[in-house]
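Presented below is the structure to which this report refers.
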Amino acid sequence: LLFVVPATSPEEDRLWNTVKANSLDFDAWTALIDETEKVAWDKILKIRRVYDAFLAEFPLCYGYWKKYADHEARLGDMDKVLEVYERAVLGVTYSVDIWLHYCTFAISTYGDPETIRRLFERGLTYVGTDYLSSPLWDKYIEYEEMHSEWARVASIYTRILEIPNKRLDDYFNRFKEFAASRPLLELRSAEETSAPPSGHSENGSQASEGVVHPNEQEDSSKPVNAGLTEAEELEKYIALREEMYKKAKEFDSKISDFENAIRRPYFHVRPLNVAELENWHNYLDFIEGQDDLNKVVKLYERCLIACANYPEYWTRYVLCMEACGSMDIADNALVRATQVFVKRQPDIHLFAARFREQNADIPGARAAYERVHTEIAPGLLEAIIKHANMEYRLGNLETTFSLYEQAIAIEKGKDQSQVLPMLYAQYSRFVYLASGNAEKAREILVTALDHVPFSKPLLEALIHLESIMSLPKRIDYLDSLVDKFIAPSSDSTASPVEREELSCIFLEFLSVFGDVQSIKKAEDRHAKLFLPHRSKSELKKRHAEDYLSSDKSKVAKSYTDSASPAQSVMGAYPNAQQTQWPAGYGVQPQGWPPATQAQPQVQQWGPGYTQQPAYGAYGGAAYGGSYPASQVPTSVAPTAAYGAYPPTYPPQAAFPQQTYAQPAGAAALAPAQQPAAVPQPYYGSYY
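Using the UniProt record's numbering, the letters of the sequence shown map in sequence onto residues 1 to 687.
What follows is the structure in structure tokens.
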């Protein structure tokens, strides 16, 4: 059948255009949903279109999955309701709320208790150990109590008492009241006798915290009155579970401060405060030291609901899983990060490229770089440099030169490119370092002066290159360029600070390679242009500093130190002529390679990313350097990893429009009375 989406209203058209122009505009999306619901309350095709498109961008918004399912239920298509919930639990697998909504729907829809129990167990596989999982456990208890399944209720309580959670004390008190209200025979079932409830683990229907398993110590096949009264048997029954409770309580005392500091466990586009972000890092540090990979995976997945918009947590997750040897989980997390959650942030794609290269996936690394060049951040200097360096590592020197030349050609076609001067400077630097061809490196910079306005990065690079060239130095040529750059003029785009800094750099160069006359000429020019323009506040500050400093430090002040607040230094060069400049220049973007490269800081790009010069971020340091080394848990990889299912429960069905691949083992089989679905791409295009 061919379905035609009804025509849209002018307001809908306006909002659709807004979200197409900026798909991260959350407020515009919610306004579009509200408008669609208002004008198309009974037009399910329009409702599906807007919800599908919105949830492709924001799959962690469990409340909107619930609203979508409610629309389908209101219009009477139960199969579609099921499909929406299946997509929801694939999109936000570790959300207690979405599993609670799904189970509530199942209770009201299906008559088969086993179908409903399978769904509860499936959800508890992922969120049963969540510190805030009590709503789902309560719903499960309520369901079994409604059917007078007292042995099942007792089993559920036993499982809960193994798990540190926010309401652990309440559950223990409720369990004691429940156990005292029913005959002990009703609390013990044949199923418990053959498969003790505490025998499960996080890989199955519940998590074992390494606690005492009461049913392993109880021989329920013995008569209740075999040597003990029923009251004594009940006391023993409760006492064994109290041991479990105490063990869980002990671990709870270690994590409660971390858990209580989590103010927003759900996803929202608003930024988290610094304290909460730091708390997540500290919590992850602690759990990584517990040697339990299941706990590590589940905490990361919880963290990446609240912190989904922060690339550093995705990076940390990938590196941690790699260190643990769980490459399927690492790959899955990286795909989700680059295709869905932080797909428009250059950082994650640069990390993905390096990660792919380190794991011998060169085509994948090239694809990540190309996506940055063409789609995410065209002209991003950091991406160009890192891509070129990778090709050089692979032995493709001509490809490396070609990358730089293509990037320069693209930037030359732009009006007032901010990247072009630094791109020329970096290309020249690379040519010298990679091939040792100083003449070609100089030619690149000289050619650049014909194509771009004078700029500090370009002249700075030229001065630095000249310092490592053989004698004689082209001092008069450099002096003319510097004079033209630092002279005040109405058409100059250089700031006073940039002009003064370059003058200082040239003075430093002359102090080594100049003669008395050239040094005097440059010093007099510097004093004339910059010393009279010092603000009174700066002079007062300098006077106070001089007053407090010792006589010895006063004598030690150099001319350049008193002449400029912005000192720069040229790093050590890879030849016999090394010039040691005063400390401070190392932070400048166009420094030639010092003896020890500084670790770059990972840039945080917001949703409204605009191109910024990124030369200062260049370094070649491995990602993840800002995090402490992951502590590798020693336990085996979980079978309940993201998207994988325990062997005793049916895996989640892969419903349409899922972009990120699930780890191996996530074959799709639906519970009884639930239709299977054909795996299809999840996040498709709706425009």
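We treat Cβ as the ideally placed atom computed from N, Cα and C, and that holds for glycine.
Because the structure is a prediction, the values reported are computed rather than measured.
> At what residue ranges does the segment 28-72 contain a whole run of the alpha helix (DSSP H), taking only runs of 4 or more?
Replying inline: 44-57
> Considering only the beta carbon of each residue, do F506 and L478 sit closer than 8 angstroms?
Replying inline: yes
> For P10, is the classification buried or exposed, using 16 other Cβ atoms within 10 angstroms of its Cβ as the cut-off for buried?
Replying inline: exposed
> Rounded to whole angstroms, how far is the Cβ of residue 735 from the Cβ of E411, which I believe are closer than 8 angstroms?
Replying inline: In this structure the chain extends from 1 to 687, so residue 735 is not present and cannot be described.
> If you count every other CB in all the chains shown that lies within 10 Å of the CB of E12, and 16 or more means buried, which is it?
Replying inline: buried
> Comparing alpha-carbon positions, which option in R48, M469, K38, A53 lies nearest A17?
Replying inline: For the record, residue 17 in the displayed sequence is Asn; it is not Ala. Residue A53 is the option with its Cα nearest to N17.
> Rounded C-beta distance between E357 and A365? I'm assuming under 8 angstroms.
Replying inline: 4 angstroms
>> Do F251 and A308 have their beta-carbon atoms positioned less than 8 angstroms apart in this structure?
In response: no
> Are there 16 or more other CB atoms within 10 angstroms of the CB of M78, so buried, or fewer, so exposed?
Replying inline: exposed
> Got a sec, what are the start and stop residues for the alpha helix (DSSP H) residue 758 sits in?
Replying inline: Beyond the ends of the chain as shown, which are 1 and 687, falls residue 758; an answer cannot be given.
> Quick one: Cα of E242 to Cα of F172, how far?
Replying inline: 8 angstroms
> DSSP three-state call for K80: helix, strand or coil?
Replying inline: helix
>> Please classify T8 as buried or exposed, where buried requires at least 16 other C-beta atoms within 10 Å of its C-beta.
In response: buried
>> Out of D34, I47, A88, E398, which one is the CA nearest neighbour of P58?
In response: Reading off the sequence shown, one finds Phe at residue 58, where the question assumed Pro. Nearest of D34, I47, A88, E398 to F58, Cα basis: A88.
>> Can you look up R474 in the DSSP assignment and give me helix, strand or coil?
In response: coil
> By Cβ distance, which residues of its chain are closer than 8 angstroms to L403, with the 5 residues on each side in sequence left out?
Replying inline: I384, H387, A388, E391
> Just the Cα atoms here: how many angstroms apart are D285 and G325?
Replying inline: 18 angstroms
> Thinking C-alpha only, which one of A487, S511, V512 is nearest E500?
Replying inline: A487
> Would you report the Cα separation of N203 and G123, rounded to the nearest angstrom?
Replying inline: At N203, the pLDDT of 37 sits below 50, so the modelled position is not reliable; the number obtained from the coordinates is stated separately. Spanning the two alpha carbons is a distance of roughly 12 angstroms.
> By Cβ distance below 8 angstroms, which residues in the same chain neighbour L184 in space, the five residues on each side in sequence not counted?
Replying inline: V224, E230, E233, L234, Y237
> Can you give the Cα-Cα distance for H101 and R117, rounded to whole angstroms?
Replying inline: 14 angstroms
> Going straight from the alpha carbon of E83 to that of L334, what length do you get?
Replying inline: 26 angstroms
> Are there 16 or more other CB atoms within 10 angstroms of the CB of Q406, so buried, or fewer, so exposed?
Replying inline: exposed
> Taking I287 as the reference, which of A151, S256, E121, V96 has the closest Cα?
Replying inline: S256
> When the Cβ atoms of the segment 270-279 are set against those of the segment 63-82, are three or more pairs found closer than 8 angstroms?
Replying inline: no
> Are the CB atoms of L15 and E37 nearer to each other than 8 angstroms?
Replying inline: no
>> So for D130, helix, strand or coil by DSSP?
In response: coil
> Taking buried to mean at least 16 other C-beta atoms within 10 Å of its own C-beta, is M146 buried or exposed?
Replying inline: exposed
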